[in-house]
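Heads up, the final residue of the sequence shown is numbered 155 in this note's numbering, and it's a clean run with no missing numbers.
Quick notes on the structure that follows.
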Amino acid sequence: MKTRINQVVAIAIFTLILFGGNSYAKGTELIASSLKTIEEPAMEMESWMIDEAYWNKTNSAYFFEEAFDEALNLEAWMFNESNWGKVDLNYAETEVENSLVLESWMTNENLWEKERLSFNETETENNLILESWMTDENTWNIQ
Numbered sequence: 013m014k015t016r017i018n019q020v021v022a023i024a025i026f027t028l029i030l031f032g033g034n035s036y037a038k039g040t041e042l043i044a045s046s047l048k049t050i051e052e053p054a055m056e057m058e059s060w061m062i063d064e065a066y067w068n069k070t071n072s073a074y075f076f077e078e079a080f081d082e083a084l085n086l087e088a089w090m091f092n093e094s095n096w097g098k099v100d101l102n103y104a105e106t107e108v109e110n111s112l113v114l115e116s117w118m119t120n121e122n123l124w125e126k127e128r129l130s131f132n133e134t135e136t137e138n139n140l141i142l143e144s145w146m147t148d149e150n151t152w153n154i155q
């Protein structure tokens with residue numbers, strides 16, 4: 013993997029050297045004062061340019077199309093009061109939870125005292141023992 017990456021980097025550097033060595037950027041300098049100044053004739057306003065009748069003679073209906081919705085029809089079920097008076101649609105049904113109840117174990121101080129004592133105990137670990145395979149060079153030099 014390392015060799016493959018090194019080859020890609022070497023090819024990229026070689027390509028950059030080739031492109032950099034083969035480019036010849038020779039420019040010519042121009043002095044701005046030596047350029048010929050071209051004067052354009054002044055724009056003349058003509059009557060058609062400011063005539064509103066000329067610009068407003070196209071109908072805007074060509075550019076915009078008005079969209080109309082189709083007429084809505086009332087159907088019998090829409091204004092039947094028996095349909096809308098029902099409350100059988102339970103979309104917003106709320107769930108009522110029971111109130112919390114304190115049980116005896118929750119208020120038993122002896123139980124909580126024992127738990128506090130168990131937090132104060134320190135945990136001890138045995139010392140590590142080095143085995144032969146842990147320090148064997150053949151185990152770790154996989155080829």
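Glycine included, every Cβ here is placed at the ideal spot set by N, Cα and C.
Report task. Would you kindly work out how many angstroms separate the C-alpha atoms of MET90 and PHE80, rounded to a whole number? Result -> Walking along the sequence shown from the start, residue 90 turns up at place 78. Walking along the sequence shown from the start, residue 80 turns up at place 68. For MET90 and PHE80, the distance between alpha carbons rounds to 23 Å.
Query raised in the report: Roughly how many angstroms lie between the CA atoms of TRP67 and TRP60, to the nearest whole one?
Result: For the purposes of this step, residue 67 is taken as residue 55 along the sequence shown, with counting starting at 1. For the purposes of this step, residue 60 is taken as residue 48 along the sequence shown, with counting starting at 1. C-alpha separation (whole angstroms): 9 Å.
Query - For LEU42 and THR15, the rounded distance between their alpha carbons - result: Stepping through the sequence shown from its first residue, residue 15 is reached at position 3. Stepping through the sequence shown from its first residue, residue 42 is reached at position 30. A direct Cα-Cα distance of roughly 51 Å separates THR15 from LEU42.
**Report entry** Under 7 Å between C-beta atoms of TRP145 and THR151
**Finding:** For the purposes of this step, residue 145 is identified with residue 133 of the sequence shown, where counting begins at 1. For the purposes of this step, residue 151 is identified with residue 139 of the sequence shown, where counting begins at 1. The answer is yes: Cβ separation under 7 Å.
Query raised in the report: Which of the three DSSP states, helix, strand or coil, is assigned to ILE12?
Result: The structure shown has nothing for residue 12, since the chain only spans 13 to 155.
Query raised in the report: Can you give the Cα-Cα distance for MET118 and ASN110, rounded to whole angstroms?
Result: Locating residue 118 in the sequence shown gives position 106, counting from the first residue. Locating residue 110 in the sequence shown gives position 98, counting from the first residue. About 18 Å.
Query raised in the report: From which residue to which residue does the alpha helix (DSSP H) around TRP67 run?
Result: Taking the sequence shown and counting its residues from 1, one reaches residue 67 at position 55. Unbroken alpha helix (DSSP H) run through TRP67: 64-67.
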